[in-house]
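Take a look at the structure set out below.
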Amino acid sequence: MKRIAILGCENSHANAFLTFIQKMEEFRDIEVVGVYSDETQAAEKLHEQFSVPVMKHYGDAVGDIDGLIITARHGDSHYTFARPYISSGIPMFIDKPITIGEEQAIAFMEELRDHGVRISGGSSLKQDEYVKRLKDEAAHEIGGKTLGGYVRAPYQRENSYGGFYFYAQHLVEMVCEIFGRSPLSVTARPNGDCIHVLFHYESYDCVGLFCNNSYHYYAARMAETSSKGFEIPSTDDWFYREFSEFYGLLSGEAQAVGYGAFISPVMIMNAIVRSLASGKEEPVRVVSL
């Protein structure tokens, strides 16, 4: 059996993952030893629905599990929840936003790297089939070189989970997947209920449109001889694919991206926040890990 714990279970990831474990034959060798949330009621609901034990403290499963899922809504909780388990070297799923602060993100990844902890997670939008299709077409220059792009996704101006950072990684990670994880800089400007962002790459720009509490997703790539875009409907396939990736880590597979690439959305989101404050183009911090 592969023993895991789920920490920070306030969102739909925990429900989806537990459903997969209980209903899908391919995941029947997973045992959930406990769930934990700072919001006790969220953990109790999972206990009632899935009969999983509720942990009194996020560190209670140290030494008793083979893998860890961290799905806390507030990014500032992720490193805190992970730290007791890092020295064990077990693989981890870390939900978006990975962290909120840049220095915290770097310290987190350095510690994971130094202990050989393999990771997956981030925004589930990178698992979308249309995002993957656009990423593949950009990589193979279908229609010629990329000339630009457009990505729309929601954000939440007001929430208790870090404000802008709570939802913003969805858009940022789609941009990263399709157009590359290292934009040079960003220029951001609010207008009405939206935030408009230019992601500046070496030879083109991508336009990002954050819409406050408007849960609609879209992505497009413009090439030399073609343009292609897709409405992106919400689907459980996102959760299945990201859980399957984590299951691969439990089974000994390598992680899909490096530690620096994994936290690139954190660096980009912070650059966006700086640009909103300054009204100017702001560089994206480069992290080599």
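For what it's worth, the working numbering labels the leading residue of the sequence shown as 1, then goes sequentially.
We put the beta carbon where it would ideally sit given N, CA and C, even for glycine.
Same chain only: Cβ atoms within 8 Å of Lys215, ignoring 5 sequence neighbours per side:
Residue mapping note: residue 215 aligns to position 215 of the sequence shown, counting from 1. A small correction: the amino acid at residue 215 is Tyr; Lys does not occupy that position in the sequence shown. The answer, listed in chain order, is Pro154 and Ser234.
Quick check on DSSP: helix, strand or coil for Pro91?
Here residue 91 refers to the residue found at position 91 when the sequence shown is read from its first residue. Looking at Pro91 - three-state DSSP - the assignment turns out to be coil, as it is neither helix nor strand.
CA-CA distance, Tyr161 and Val273?
Numbered from its first residue, the sequence shown carries residue 161 at position 161. Numbered from its first residue, the sequence shown carries residue 273 at position 273. Distance between the alpha carbons of Tyr161 and Val273 is about 16 Å.
Would you list the one or two residues that DSSP bridges to Ser120?
To locate residue 120, count along the sequence shown from 1; it is residue 120. Paired residue(s): Phe93.
With burial defined as no fewer than 16 other Cβ atoms inside 10 Å of the residue's Cβ, what is the status of Met174: buried or exposed?
Locating residue 174 in the sequence shown gives position 174, counting from the first residue. Classification of Met174: buried, given that the 10 Å Cβ count is 16 or more.
Skipping 5 residues on each side, what residues in its chain have a beta carbon closer than 8 Å to that of Thr187?
Position 187 of the sequence shown holds residue 187. Result list for Thr187: Val197, Leu198, His200, Ser275, Lys280, Glu281 and Glu282, in chain order.
Quick check on DSSP: helix, strand or coil for Met1?
The residue given as residue 1 occupies position 1 in the sequence shown. If DSSP states are grouped into helix, strand and coil, Met1 belongs with coil.
Runs of 4 residues minimum, wholly inside the segment 161 to 218: which ones carry the alpha helix (DSSP H) assignment?
164 to 179
Cβ neighbours of Arg113 in the same chain (closer than 8 Å, five flanking residues each side left out)
In the sequence shown, counting from the first residue as 1, residue 113 sits at position 113. If we look at Arg113 and ignore the five residues flanking it on each side, its Cβ neighbours are Tyr259 and Leu289.
So what does Ile272 bridge to, in DSSP terms?
As a first step, residue 272 must be located in the sequence shown, where it is residue number 272. Beta-bridge pairing links Ile272 to no other residue.
C-beta contact flag for Phe239 and Ala43 at 7 Å
Taking the sequence shown and counting its residues from 1, the one referred to as residue 239 is at position 239. Taking the sequence shown and counting its residues from 1, the one referred to as residue 43 is at position 43. Their beta carbons are not under 7 Å apart, which means Phe239 does not touch Ala43 by this criterion.
Counting only the same chain and skipping the five closest in sequence on each side, list residues whose C-beta sits under 6 Å from that of Cys211.
Numbered from 1 along the sequence shown, position 211 holds the residue referred to as residue 211. Answer for Cys211: Pro154 and Cys194, listed in chain order.
Considering just the uninterrupted stretch of the alpha helix (DSSP H) at Val131, what are its terminal residues?
Start at 1 with the first residue of the sequence shown, and residue 131 comes out as number 131. That run of the alpha helix (DSSP H) goes Glu129 to Ala139.
Tell me the rounded alpha-carbon separation between Val33 and Leu68.
Along the sequence shown, one-based indexing puts residue 33 at 33. Along the sequence shown, one-based indexing puts residue 68 at 68. Approximately 10 Å, taken between the alpha carbons.
Residues near Asp205 by beta carbon distance below 7 Å, same chain, minus five either side
Walking along the sequence shown from the start, residue 205 turns up at place 205. For Asp205, where only same-chain residues beyond five positions count, the Cβ hits under 7 Å are Gly148, Leu198 and Phe199.
Can you tell me where the beta strand (DSSP E) holding Leu68 begins and where it ends?
Here residue 68 refers to the residue found at position 68 when the sequence shown is read from its first residue. Leu68 -> beta strand (DSSP E) spans Gly67 to Ile70.
Take every Cβ of the segment 104 to 118, pair it with every Cβ of the segment 85 to 94, and state whether three or more of those distances are shorter than 8 Å.
yes
Measure from the alpha carbon of Glu25 to the alpha carbon of each residue in Gly208, Asn270, Ser278 and Ser244, then state which is nearest.
Here the question's residue 25 lines up with position 25 in the sequence shown. The shortest Cα separation from Glu25 among Gly208, Asn270, Ser278 and Ser244 belongs to Ser244.
Have a look at Lys126 and Ile70 and give me their C-alpha separation to the nearest angstrom.
As a working mapping, residue 126 is identified with position 126 in the sequence shown. As a working mapping, residue 70 is identified with position 70 in the sequence shown. Cα-Cα distance, rounded: 18 Å.
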